[in-house]
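This report refers to the structure that appears directly beneath it.
Protein chains: 2
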Amino acid sequence: MFSKACEYGIKATIFIAIKSYEGVRVSPKEIAKEIDSPEAFTAKILQALVRHDVISSLKGAYGGFEIAKDRIPLVKLADIVNAIDGDAIYNGCGLGLHKCSETHPCPVHDKFKAIREGLKDMLERTSLEELALDIKSGASFLKV
Amino acid sequence: MFSKACEYGIKATIFIAIKSYEGVRVSPKEIAKEIDSPEAFTAKILQALVRHDVISSLKGAYGGFEIAKDRIPLVKLADIVNAIDGDAIYNGCGLGLHKCSETHPCPVHDKFKAIREGLKDMLERTSLEELALDIKSGASFLKV
DNA sequence: TTTAATTCGGATATTTTTATCCTTTTTATT
DNA sequence: AATAAAAAGGATAAAAATATCCGAATTAAA
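Going line by line, the protein sequences match chains Z and R.
Start counting the first sequence at 1; every next residue gets the next number (the numbering used here).
Start counting the second sequence at 145; every next residue gets the next number (the numbering used here).
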């Protein structure tokens, strides 16, 4: 459903949020260990998330990745997905037609529309905050 | 959402169904032209569909691909997707955890479950017959 | 039985995605 | 100002997905 890059990006952002609640910045090494991902590749994804203002970073000694506490409830899953995979998931045609529309629909246009909208809705409604709190409470897990 | 291979497979199967209603077999060349796909790659996908008994083929002169008329209403979108992309869409974890389950869920486990089940349901309910009839009636399109 | 038309299957090429490595830039501390 | 720690960014490598090519096997018809 999502690319590997996006999977890592979501898990990394959740971990950064948890650490940011504690007021500590984290390194790609620490993140990769926690979410069980390749470190260098994860670092690249973090760069993309910074560029898209999902998270922020501080270079140099005592630097690392963080996210402002007051932004955590405002960041939605959709923001993370969008920063990494773009909006193809919502907007692209299910069968790859270049000009798929109501007036020139692909064979699965309507059937997919419902699924897509459900997905879009879920991504836009789900906040980083609730995902992070579930991890903190032990209700969900970032690896294995 | 789906792989290119799967997109081609779905469109190819629909076209084969339409031609099979007319009692004529079709070649990869004709199919590729009709669905706007790379011919040789499409041929490989057709082989996979034959191996999984979604469609059937006849080698040699006057051969080609076809699907028995009485099977058209029985074949579901899910059969085509399964033959090409497997069942990762329904069963894999949304965030790539190896052991994602009710008792050890990833952060988006429940939210994805709903989407997944909607998708699965749709794929299992949608028949090749209705897709083919929509193309025949001009209600939907296979290319552009 | 020969021929022509066709799918099948293996080998290979290209492109995209995933992953790694190394140098440069930035920054807090000493 | 010097130093050490860290992200940024570019170059490269490996793996997977997409795509092409060609010879072998099969088949219907002449």
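Glycine included, C-beta positions come from ideal geometry on N, C-alpha and C.
Keep in mind the model is a prediction, meaning the values are calculated, not measured.
Test item: CB-CB of Z:I67 and Z:A17 under 7 angstroms:
Their beta carbons are under 7 angstroms apart, which means Z:I67 touches Z:A17 by this criterion.
What would DSSP say about Z:L74, mapped onto helix, strand or coil?
In the three-state scheme derived from DSSP, where H, G and I count as helix and E and B as strand, Z:L74 is classed as coil.
Report the residue from R:D223, R:K155, R:C250, R:P182 whose alpha carbon sits nearest the alpha carbon of R:D265.
Minimum Cα-Cα distance from R:D265 among the listed residues R:D223, R:K155, R:C250, R:P182 corresponds to R:D223.
Just grab the DSSP bridge partners of Z:S3 for me.
Its beta-bridge partners do not exist; DSSP assigns none.
If you measure beta-carbon to beta-carbon, which residues of the segment 126-141 of chain Z are closer than 7 angstroms to chain R?
Listed by position along the chain: T126, L131, D134, I135, S140, F141.
Z:F65 versus Z:I31: straight-line alpha-carbon distance, rounded
One C-alpha to the other measures close to 9 angstroms.
Work out the CA separation of Z:L58 and Z:L77 for me, nearest whole Å.
The straight-line gap from Cα to Cα measures roughly 23 angstroms.
Beta-carbon contacts of R:S200 that lie in its chain and below 8 angstroms, excluding the five residues immediately before and after:
Cβ neighbours of R:S200 beyond the five flanking positions: V194, F209, E210, I211, A212.
Measuring straight from C-alpha to C-alpha, what distance separates R:H172 and R:A156?
According to the sequence shown, residue 172 of chain R is Pro rather than His. Straight-line Cα distance between these residues: approximately 9 angstroms.
Name the chain Z residues that come within less than 8 angstroms of R:I259, Cβ to Cβ?
Result: I115, G118, L119, M122.
Any C-beta of chain Z under 7 angstroms from that of R:V288
Contacts with chain Z at 7 angstroms (Cβ-Cβ) include R:V288.
Shorter than 7 angstroms from the beta carbon of Z:E39 to some beta carbon of chain R?
Chain R contact via Cβ: absent.
Should Z:P107 be labelled buried (16 or more other beta-carbon atoms within 10 Å of its own) or exposed?
Looking at its Cβ environment, which holds 16 or more other Cβ atoms inside 10 Å, Z:P107 is buried.
Could you pull out every residue in the same chain whose Cβ sits closer than 6 angstroms to the Cβ of R:L272, ignoring the five residues on either side in sequence?
Within its own chain, the residues whose Cβ lies closer than 6 angstroms to the Cβ of R:L272, once the five positions on either side in sequence are excluded, are A161, I216, V219, listed in chain order.
Going by DSSP, what residues sit across from R:V198 in a beta bridge?
None; R:V198 has no bridge partner.
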